[in-house]
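S.K.: As you go down the protein sequences, you meet chains A and B in turn.
With the working numbering applied, the first sequence covers 146 to 271.
With the working numbering applied, the second sequence covers 146 to 271.
Number of protein chains: 2
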Amino acid sequence: MPTAARKRPRNEDRIFTALADPSRRAIFESLTRGEAAVNDLTSRFQISQPAVSQHLAVLKDAGLVDRRKDGRRVIYRVEPRGLKPLIDWIAYYRAFWTEHVQRLEDLLDSMPDDAPDAPDASTRPR
Amino acid sequence: MPTAARKRPRNEDRIFTALADPSRRAIFESLTRGEAAVNDLTSRFQISQPAVSQHLAVLKDAGLVDRRKDGRRVIYRVEPRGLKPLIDWIAYYRAFWTEHVQRLEDLLDSMPDDAPDAPDASTRPR
DNA sequence: ACAATACATAAGCCATCACTTATATTTAAT
DNA sequence: ATTAAATATAAGTGATGGCTTATGTATTGT
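As structure tokens, this is what we get:
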């Protein structure tokens with residue numbers, strides 16, 4: 146069947162917003178060291194369990210983490226492809242100043258991605 | 146098992162918060178097309194001049210833009226090295242989750258179907 | 001000198017956010 | 001069957017953030 150428009154929302158907006166909060170970024174960073182249940186994460190930080198759950202919901206909505214049920218626990222893990230829109234955003238604008246930042250080239254060349262899309266300009270100039 | 150000691154400054158904080166706002170990101174993106182005065186930027190968006198100045202102040206504080214005076218105008222331009230902490234952040238944690246993806250794939254290869262094992266208990270709280 | 005222009009800062013308003021406690025829901029343990 | 005545990009959601013609250021208008025400070029033009 147011919148696929149119609151792949152009009153995926155692909156919001157780098159949610160990603161930037163999700164990672165802007167230090168607690169949320171700390172939770173994400175903690176998950177890069179291995180998957181963990183909500184209770185595990187709650188014990189690692191000094192915020193309440195609902196706060197952790199809310200942060201995880203934001204991260205999940207941004208596509209940065211995924212979850213799986215294990216009995217009465219919910220195991221969260223990093224979604225490896227979640228940072229792709231962020232990398233694409235950087236890749237798109239790299240053309241304008243890339244000659245000054247060779248490390249960016251190095252990083253982007255080592256990324257296992259294919260043909261980054263142009264980040265969407267939902268806030269367009271007039 | 147990676148026990149990442151914290152020896153990395155967290156200056157990506159301001160960058161994430163600076164880029165989290167769509168208007169501010171739009172201003173930054175606009176500056177990638179060339180340097181511009183505040184008045185130029187104000188005419189491109191539908192927000193007031195003080196709002197533009199405030200956004201530019203946040204971007205400058207994050208190290209994403211720099212400015213130069215030209216008569217009574219202030220010309221803003223992208224600071225090429227400004228995104229480096231962001232790129233470093235991605236590169237740093239990318240190493241972790243690619244490692245974990247590999248570990249997960251190895252696990253799935255060696256173990257067909259049953260008994261998901263316990264989450265990593267060696268992750269230490271801060 | 002005076003007026004106009006370009007920008008920054010101040011002050012206030014309103015929406016959003018990150019947190020809390022309380023509660024509902026699902027699953028496990030006894 | 002009860003109780004406990006793990007998590008999500010609801011509701012409320014204080015703080016923060018982005019916007020506005022008003023005003024201050026340089027700089028240019030006449």
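The beta-carbon is built from N, C-alpha and C at its ideal position, and this holds for glycine as well.
So who's on the other strand from Val219 of chain A, going by DSSP bridges?
M.R.: Locating residue 219 of chain A in the first sequence gives position 74, counting from the first residue. Bridge partners of Val219 of chain A: A:Lys214.
S.K.: Which ranges would you report for the beta strand (DSSP E) in the region 157-240 of chain A if only whole runs of at least 3 residues count?
M.R.: Those beta strand (DSSP E) runs which fall completely within the region 157-240 of chain A and span 3+ residues are 210-215, 218-223.
S.K.: Could you check whether the Cβ of Pro167 of chain B sits closer than 8 Å to any Cβ belonging to chain A?
M.R.: For the purposes of this step, residue 167 of chain B is taken as residue 22 along the second sequence, with counting starting at 1. Chain A, which has a Cβ nearer than 8 Å to the Cβ of Pro167 of chain B, makes this yes.
S.K.: Classify Gln247 of chain A as helix, strand or coil using the three-state DSSP reduction.
M.R.: Within the first sequence, the letter at position 102 stands for residue 247 of chain A. Reliability fails at Gln247 of chain A, whose pLDDT of 49 lies under 50, so the model's placement of it is uncertain and no value is given.
S.K.: Among the candidates A:Trp234, A:Asn156, A:Tyr221, whose CA atom is the shortest distance from the CA of Ala182 of chain A?
M.R.: Here residue 182 of chain A corresponds to residue number 37 of the first sequence, with the count starting at 1. Closest option to Ala182 of chain A, Cα to Cα, is A:Tyr221.
S.K.: Do Leu204 of chain B and Arg226 of chain B have their beta-carbon atoms positioned less than 8 Å apart in this structure?
M.R.: In the second sequence, the residue the question calls residue 226 of chain B occupies position 81. In the second sequence, the residue the question calls residue 204 of chain B occupies position 59. Not closer than 8 Å, so no.
S.K.: Roughly how many angstroms separate the alpha carbons of Arg218 of chain A and Glu224 of chain A, rounded to a whole number?
M.R.: By one-based count along the first sequence, residue 218 of chain A stands at place 73. By one-based count along the first sequence, residue 224 of chain A stands at place 79. The alpha-carbon atoms of Arg218 of chain A and Glu224 of chain A are separated by roughly 18 Å.
S.K.: Grab me the residues of Lys214 of chain A's own chain with a C-beta within less than 8 Å of its C-beta, minus the 5 sequence neighbours each way, in chain order.
M.R.: Within the first sequence, numbered from 1, the residue matching residue 214 of chain A stands at position 69. Around Lys214 of chain A: Ile220.
S.K.: Run the CB neighbour count on Arg178 of chain A, radius 10 Å, all protein chains shown included, and call it buried at 16 or more, exposed below.
M.R.: Counted from its first residue, the first sequence places residue 178 of chain A at position 33. Counting Cβ neighbours within 10 Å, Arg178 of chain A comes out buried, since at least 16 surround it.
S.K.: Considering only the beta carbon of each residue, do Ala165 of chain B and Thr187 of chain A sit closer than 8 Å?
M.R.: Taking the first residue of the second sequence as 1, we reach residue 165 of chain B at position 20. Taking the first residue of the first sequence as 1, we reach residue 187 of chain A at position 42. Taking 8 Å as the Cβ cut-off, Ala165 of chain B and Thr187 of chain A do not qualify as a contacting pair.
S.K.: Is any beta-carbon of chain B found at less than 8 Å from that of Asp187 of chain A?
M.R.: Position 42 of the first sequence, counted from the first residue, corresponds to residue 187 of chain A. Checking the sequence shown, residue 187 of chain A turns out to be Thr, not Asp. No - not a single Cβ of chain B is within 8 Å of the one on Thr187 of chain A.
S.K.: Compute the beta-carbon to beta-carbon distance between Pro230 of chain A and Glu174 of chain A, rounded to the nearest angstrom, for a pair I have assumed lies under 8 Å.
M.R.: As a working note, residue 230 of chain A is residue 85 in the first sequence. As a working note, residue 174 of chain A is residue 29 in the first sequence. The pair is not a contact, with the Cβ atoms about 19 Å apart (cut-off 8 Å).
S.K.: Excluding sequence positions up to five away, which residues of its chain have a Cβ less than 8 Å from the Cβ of Val210 of chain A?
M.R.: In the first sequence, the residue the question calls residue 210 of chain A occupies position 65. Hits under 8 Å: Phe173, Leu176, Leu201, Leu204, Tyr221, Arg222, Val223, Glu224, Gly227.
S.K.: Can you round the beta-carbon distance between Ile232 of chain A and Ile235 of chain B to whole angstroms, since I take them to be within the 8 Å contact cut?
M.R.: Position 87 of the first sequence, counted from the first residue, corresponds to residue 232 of chain A. Position 90 of the second sequence, counted from the first residue, corresponds to residue 235 of chain B. Between Ile235 of chain B and Ile232 of chain A the Cβ distance is about 7 Å, and since that is below 8 Å, they are a contact.
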